[in-house]
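Notes follow the structure.
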Amino acid sequence: MYAIIKTGGKQYRVEVGERVRVEKLEGQIGDLVSLPEVLLVGGESPQIGRPRVEKASVEAKIVEQDRAKKVKVYKKKRRKGYETTRGHRQPYTCLEIKKIIA
Numbered sequence: 091m092y093a094i095i096k097t098g099g100k101q102y103r104v105e106v107g108e109r110v111r112v113e114k115l116e117g118q119i120g121d122l123v124s125l126p127e128v129l130l131v132g133g134e135s136p137q138i139g140r141p142r143v144e145k146a147s148v149e150a151k152i153v154e155q156d157r158a159k160k161v162k163v164y165k166k167k168r169r170k171g172y173e174t175t176r177g178h179r180q181p182y183t184c185l186e187i188k189k190i191i192a
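Quick note: the sequence shown uses our numbering, first residue 91, plus one each step.
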């Protein structure tokens with residue numbers, strides 16, 4: 091059984107036991123998180139939500155709270171003497187999917 095969930099403005103296909111990186115969520119490592127925005131539950135009898143599946147949720151455990159690798163942003167305008175370099179590290183939460191409630 092799998093589910094498509096929405097969190098942080100993005101959609102993810104998840105299965106039980108899978109680890110997925112999502113946008114930063116509040117909580118400590120080891121906390122259980124419930125994700126109520128389930129768009130589809132697939133399997134033998136799929137349920138399609140309009141826009142969400144009623145009474146469906148995904149329970150996950152927070153495994154990691156960290157920041158991603160640095161992305162370098164470099165800007166330059168030719169013949170103008172303009173150069174700038176910046177870096178950015180996006181925070182993320184790593185979730186381990188424990189159960190899909192359909």
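For each residue, glycine too, the CB sits at the ideal point set by N, CA and C.
Legend entry - Span separating the alpha-carbon of H178 from that of R111: Counting from 1 along the sequence shown, the entry for residue 178 is found at position 88. Counting from 1 along the sequence shown, the entry for residue 111 is found at position 21. Each residue's Cα considered, the two are about 17 Å apart.
Inset, instruction - Can you grab the Cα-Cα spacing for the pair T183 / K170, in whole Å? - result: Counting from one through the sequence shown, the residue named residue 183 turns up at place 93. Counting from one through the sequence shown, the residue named residue 170 turns up at place 80. C-alpha separation (whole angstroms): 41 Å.
Inset, instruction - Determine the DSSP secondary structure at V112, reduced to helix, strand or coil. - result: Start at 1 with the first residue of the sequence shown, and residue 112 comes out as number 22. In the structure shown, V112 sits in a strand (DSSP, three-state: E or B).
Inset, instruction - Could you say which of Q101, L129 and I119 lies nearest to A150 if we only look at CA atoms? - result: Taking the sequence shown and counting its residues from 1, one reaches residue 150 at position 60. Nearest of Q101, L129 and I119 to A150, Cα basis: I119.
Legend entry - DSSP-derived helix/strand/coil call for R169: One-based indexing of the sequence shown puts residue 169 at position 79. Three-state DSSP puts R169 in coil, outside helix and strand.
Inset, instruction - Drop a sphere of 10 angstroms on the beta-carbon of V163, count the other beta-carbons inside from all chains shown, and report buried for 16 or more, exposed for fewer. - result: Within the sequence shown, residue 163 is the residue found at index 73, counting from 1. Flag for V163 reads exposed.
Inset, instruction - Within 10 angstroms of the Cβ of V131, are there 16 or more other Cβ atoms? Answer buried if so, exposed if not. - result: Counted from its first residue, the sequence shown places residue 131 at position 41. Answer is buried; the Cβ neighbour count reaches 16.
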